[in-house]
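In terms of this note's numbering, the sequence shown opens at residue 23 and continues consecutively.
Following: one structure in structure tokens, then a few remarks.
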Amino acid sequence: MRCIYSGDIRSIPKLDRSQKEGTQMLPRNWQKGLATGIFALLIAAPAWSQNLLHGTKEIGLSGGIDFDTSADTEFNFGMTYGYYILDQVEVGGFISIRDNDDSQQLETSVFGQYDFDLKNQWVPYVQARLGWARGEVNYIDDMGILNDEDEDAIIGTLRPGIRYHLNDFVALDLNADLQYASEEIFDEVDEINDTQILLNWGIRAYW
């Protein structure tokens with residue numbers, strides 16, 4: 023079927039150039055606005071998680087590998103539970119185990135931690151721990167004699183670290199343990215020491 027227009031064709035309204043361009047650009051502008059909004063939310067969302075206020079609870083899991091031992095590679099695993107008694111100030115408990123076949127170590131400690139608020143998803147912190155450790159070490163001395171020692175020690179730890187908060191509830195963690203013990207319980211390549219440095223990584227959950 024054909025539709026016949028009997029009037030003057032010049033009287034039909036025409037779109038000017040700006041109207042044509044606006045009609046064509048509408049979908050593109052809408053997509054651009056949506057993308058901008060999503061990007062803004064992604065930037066802003068991590069910042070919300072930095073408000074670790076009084077009353078927040080936290081559980082953390084961490085571990086590391088030490089290649090500088092007298093035997094096989096040493097693996098360590100630790101767990102923390104903490105409570106924010108003030109904004110950005112946390113206290114809690116820590117337990118860890120370490121094993122490299124020739125030596126084993128168990129540590130239980132209490133800790134205090136302070137978070138530095140950078141107003142973004144990165145949170146540097148410093149933690150101090152004090153507790154008890156038991157080390158079981160097998161080593162060969164300079165005379166070629168195998169020694170088997172069990173030692174109990176008071177252990178102090180300074181842990182500087184940094185967290186990256188994925189959201190309000192989960193953060194990735196990287197830290198280093200600088201440790202000193204009252205007895206020689208740390209297994210190194212050539213000797214048993216009373217100090218050691220460990221690099222750890224892990225994850226923390228908040229609620």
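Even glycine gets a Cβ: it sits at the ideal position worked out from N, Cα and C.
Bear in mind the structure is a predicted one, so any value in this text is a computation, not a measurement.
Assumed close pair residue i, residue j - CB separation to whole angstroms, cut-off 8 Å
i           : j           : result
residue 179 : residue 131 : 7 Å
residue 156 : residue 128 : 5 Å
residue 186 : residue 144 : 6 Å
Reference residue i; option with closest CA among the options
i           : options              : result
residue 172 : 158, 97 and 183      : 158
residue 83  : 149, 99, 148 and 106 : 99
residue 77  : 108, 154, 85 and 101 : 108
residue 191 : 219, 225, 86 and 148 : 225
residue 148 : 193, 134 and 219     : 134
residue 177 : 219, 86, 142 and 81  : 219
residue 153 : 201, 209 and 210     : 201
Residue i versus residue j: straight-line alpha-carbon distance, rounded
i           : j           : result
residue 117 : residue 216 : 19 Å
residue 96  : residue 88  : 5 Å
residue 207 : residue 223 : 23 Å
residue 189 : residue 103 : 19 Å
residue 146 : residue 221 : 15 Å
residue 170 : residue 184 : 38 Å
residue 63  : residue 214 : At residue 63, the pLDDT of 46 sits below 50, so the modelled position is not reliable; the number obtained from the coordinates is stated separately. Roughly 52 Å between the two C-alpha positions.
residue 1   : residue 81  : Outside the shown range of the chain, which is 23 to 229, sits residue 1, and nothing can be said about it.
residue 79  : residue 182 : 20 Å
residue 85  : residue 210 : 18 Å
residue 142 : residue 193 : 13 Å
Residue-level contact to chain C via CB, residue i, 7 Å cutoff
i           : result
residue 226 : Chain labels in this structure do not include chain C; a single protein chain is all it has.
Beta-carbon proximity check, residue i vs residue j, cutoff 7 Å
i           : j           : result
residue 203 : residue 227 : no
residue 105 : residue 74  : no
Heavy atom of the ligand COA within 6 Å of residue i beta-carbon
i           : result
residue 147 : This structure simply doesn't include the ligand COA, nor any ligand for that matter.
Stretch pair the segment 119-126 + the segment 137-144: three plus CB contacts closer than 8 Å | no
Pair every Cβ in the segment 102-116 with every Cβ in the segment 195-215, then say whether three or more of these pairs are closer than 8 Å.
-> no
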